[in-house]
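Per the working numbering, the sequence shown starts with residue 97, numbered consecutively. Glycine included, each C-beta is placed from N, C-alpha and C at the ideal position.
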Amino acid sequence: FLFPSPTRTFWNVPLEGLGSRLAVVAFDFGAAGEPALDGVDAFLAPYGDEAAFVQRALDLARFPGVRAQIRRSARAAVRALRWPVILGEFEQQLRIITRNHATQAALAS
97 FLFPSPTRTF
107 WNVPLEGLGS
117 RLAVVAFDFG
127 AAGEPALDGV
137 DAFLAPYGDE
147 AAFVQRALDL
157 ARFPGVRAQI
167 RRSARAAVRA
177 LRWPVILGEF
187 EQQLRIITRN
197 HATQAALAS
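If you want it as structure tokens, here you go:
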């Protein structure tokens, strides 16, 4: 599944592809790197590097064994995404933001 979008997204469509055992090629940008590891669960090209994106797609087509392994890993990666884990990570990010804001406010006063 080729996802050449250069825009920052929540990666819903590629995530559905991963969950459907499709081998995904996408740019490593925005939420793309969150659920997938390059070469393990998907093929991720550096953001904006169109040549690398095409090369990753060609690699996926050329190597059926790698493609099969990525498809299996992709499904497992998506199955590991559970709401308690997602919410825990979100809460952690909110704590970091709050702590950073408090530090900046203290330094400014």
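Whole-Å CB distance - residue i paired with residue j, under 8 angstroms assumed
i, j, result
"Val120", "Leu114", "6 angstroms"
"Pro131", "Leu177", "6 angstroms"
"Phe149", "Pro100", "6 angstroms"
"Ala170", "Arg117", "6 angstroms"
Bounding residues of the beta strand (DSSP E) (the contiguous stretch that carries residue i)
i, result
"Leu133", "Looking at the DSSP string, Leu133 is not in any beta strand (DSSP E), and its letter there is neither H nor E."
"Asp124", "121 to 124"
Counterpart residues of residue i in DSSP-defined beta bridges
i, result
"Leu140", "Ala122"
"Phe99", "Ala122"
Short Cβ contact (9 angstroms threshold) for residue i with residue j
i, j, result
"Leu154", "Ile166", "no"
"Asp145", "Phe159", "no"
"Val136", "Ala173", "yes"
"Tyr143", "Pro102", "yes"
Endpoints, alpha helix (DSSP H) assigned at residue i
i, result
"Phe159", "No alpha helix (DSSP H) holds Phe159; DSSP gives it neither H nor E."
"Trp179", "179 to 204"
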